[in-house]
Amino acid sequence: MPTSLTCVKAGQGQVAMQNIPMPDQPGPGQALVRTTLSTVCGSDIHIVDELPVPAGVPMGHEAVGVVEAIGPGVTAFRPGDRVVVSCLLSCGVCVRCQEGNSQVCQTFAAPNNLLFGAQGQYFLVNGAQTSMAKVPDSLEDEQVIFVGDILSTGFGAIERAGLRTGDTVAIFAQGPVGLCATMAARALGAGLIIAVEGIPERQAMAKRMGADIVVEPNEAVQRIMALTNNVGVDVAVEALGHQATFENACAVTRWGGTVSSVGVYGAFPTLTLPTTGTFLHRRIITTLCPVGTDRMERLMRLIERGRIDPRPLFTHHMKLEETPAAYERFRKREGGVLKIALRP
Ligand SMILES: [Zn+2]
Ligand SMILES: [Zn+2]
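Residue numbers (our numbering): 5 to 348.
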C-alpha cells in the first residue's frame with residue numbers, strides 16, 4: 005500500500021510529520037491528488053490548539069495538485085489534470101448544494117465537510133466532482149491556491165454584505181482573510197476602503213491590495229467616524245474573530261449598514277452583541293467560505309485577467325516536510341508572515 009508523508013495533529017497544540025497509508029484506488033466519488041503546493045491556514049491553528057479534533061488526523065485543507073487517480077462516478081476530471089481543491093467539500097446534488105450553498109452541503113456535514121490531509125504528499129478528495137476545479141495552464145499554483153479558501157471567504161464577506169458600487173467599507177484586521185476582503189472590496193467596486201491594522205508589514209500589504217486608508221486598531225472607531233462625517237461605513241468586515249473587534253465593527257457601521265463577520269471566534273465560547281446604540285438597525289451577517297467548482301473557476305477568471313493578484317500574500321517559502329516548523333512560524337507571526345508556501 006502506498007504511503008504519504010503528511011502533517012498530522014500529534015496532540016493538543018502539536019503537529020508532526022507521519023507516513024500515512026493511501027489507497028491504491030480511490031473510492032466512489034473520490035480523487036487521489038498529488039500535492040504540488042500547500043499552505044497553513046488560521047483554521048489549522050484552531051483545529052490543533054482549540055478544537056477537540058483527535059490526534060492522528062491529517063492536516064491541511066488548501067492545496068493545488070495533480071490528479072493521480074479517480075474513483076467511480078468522477079467524470080469531470082482525469083489523471084494528470086492540475087486542480088485546485090475547495091477547503092469545504094460538497095456533493096453538488098443535495099438541497100443546500102442545489103440552492104447554491106455548497107459550503108453547508110448536507111452530504112458532507114461537519115466535521116466531514118472539511119478537506120483533510122492537504123499538507124501531505126498525497127491526499128484524498130471526497131465529492132471530487134464538485135469540490136475541485138481545473139487550473140488553466142496560464143496560471144501558477146501560487147496564483148490560484150487561495151480560491152479554495154481564504155480568497156473565496158474574502159469575496160464572500162463583501163458579496164454577502166450586499167456591497168453597492170461606491171459604498172464605503174471598513175475591514176478590521178489585515179491578516180490573510182482580511183487582505184482578501186480588501187482585494188474583494190476593490191474588485192467589486194467599493195468607493196472608499198478603510199483597513200484597520202497595527203502591524204507595519206500588514207499595513208503596507210493592505211495598501212498594496214486596495215486599501216485607501218489604513219488606521220490603527222486603538223483609534224479605529226474615532227478615525228473611521230471622522231472619515232465618514234460621523235455617519236459610519238456602509239459595510240464593516242470583522243476578519244479577526246475577537247469580541248472587541250466585533251464591537252468596533254458594529255460601532256462604525258451606519259444605520260441600515262451591514263456588519264459582515266468572517267473572523268473565527270475560536271477562543272470565545274460566546275460572542276456578545278453590543279447593545280449600547282450600535283446593535284439596533286444594523287444587519288449582521290456571517291459567512292462560511294463559499295465553495296465548489298463554479299465558484300473557484302470564476303475567481304480564477306479574475307486572476308487570469310489580472311483584476312486581482314493574491315501572490316504577494318506568500319511571504320515565506322518552505323518544504324512540505326517542514327510543515328510543523330511552518331505552524332510555529334505562522335502561530336507566532338514571525339517575520340511578518342502572512343502565508344507560507346509549502347512545496348514537496
Ligand atoms: Zn482555511
Ligand atoms: Zn451537497
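Built from N, CA and C at the ideal position, the CB exists for glycine as well. On a predicted model such as this, the values are computed, not experimentally measured, just so you know.
Item to check | Residue range of the unbroken alpha helix (DSSP H) whose run includes Cys-184 | outcome: Position 180 of the sequence shown holds residue 184. Here the alpha helix (DSSP H) through Cys-184 covers 180-191.
Item to check | Any non-hydrogen atom of ligand 1 closer than 6 Å to Cys-45 Cβ | outcome: By one-based count along the sequence shown, residue 45 stands at place 41. Cys-45: yes, Cβ under 6 Å from ligand 1.
Checklist entry - Is it true that the CB of Leu-41 sits closer than 7 Å to the CB of Ile-154? => result Translated into the one-based positions of the sequence shown, residue 154 becomes position 150. Translated into the one-based positions of the sequence shown, residue 41 becomes position 37. No, the pair does not count as a contact, with Cβ atoms beyond the cut-off.
Item to check | Tyr-126 in three-state terms, based on DSSP | outcome: As a working mapping, residue 126 is identified with position 122 in the sequence shown. Strand.
Item to check | Residue(s) in a DSSP beta bridge with Pro-221 | outcome: Working through the sequence shown from its first residue, we reach residue 221 at position 217. None; Pro-221 has no bridge partner.
Checklist entry - Taking Cβ positions only, does Thr-40 come closer than 7 Å to chain D? => result Note that chain D does not occur in the displayed structure, where there is just one protein chain.
Item to check | Proximal residues to Gly-77 (C-beta, below 8 Å), its chain only, five neighbours per side dropped | outcome: Numbered from 1 along the sequence shown, position 73 holds the residue referred to as residue 77. Excluding residues within five positions, the ones whose Cβ falls inside 8 Å are Pro-32, Gly-33 and Gln-133.
Checklist entry - With a cut-off of 8 Å, do at least 3 Cβ pairs link the segment 222-229 to the segment 125-139? => result no
Next on the checklist: I'd like the span of the alpha helix (DSSP H) that includes Ser-156, first residue to last.
Outcome noted: Position 152 of the sequence shown holds residue 156. Note, Ser-156: alpha helix (DSSP H), 154-163.
Next on the checklist: Need the endpoints of the beta strand (DSSP E) that Gly-69 sits in, please.
Outcome noted: Stepping through the sequence shown from its first residue, residue 69 is reached at position 65. Taken as a continuous stretch (DSSP letters only), the beta strand (DSSP E) holding Gly-69 covers 67-74.
Checklist entry - Can you list, in chain order, the stretches of the beta strand (DSSP E) that have 3 or more residues and sit fully within the segment 286-335? => result 287-290 and 318-323
Item to check | Backbone secondary structure at Val-148 - three-state DSSP | outcome: Locating residue 148 in the sequence shown gives position 144, counting from the first residue. DSSP places Val-148 in helix when its eight states are reduced to three.
Checklist entry - Should Cys-91 be counted as a contact of ligand 1 given a C-beta to heavy atom distance under 6 Å? => result Translated into positions along the sequence shown, residue 91 becomes position 87. Correct: Cys-91 has its Cβ closer than 6 Å to ligand 1.
Checklist entry - For Ala-215, which three-state DSSP category applies? => result Position 211 of the sequence shown holds residue 215. If DSSP states are grouped into helix, strand and coil, Ala-215 belongs with coil.
Next on the checklist: Tell me the residue span of the alpha helix (DSSP H) that contains Phe-250.
Outcome noted: Against the sequence shown, residue 250 aligns to sequence position 246. Per DSSP, Phe-250 belongs to the alpha helix (DSSP H) from 247-255.
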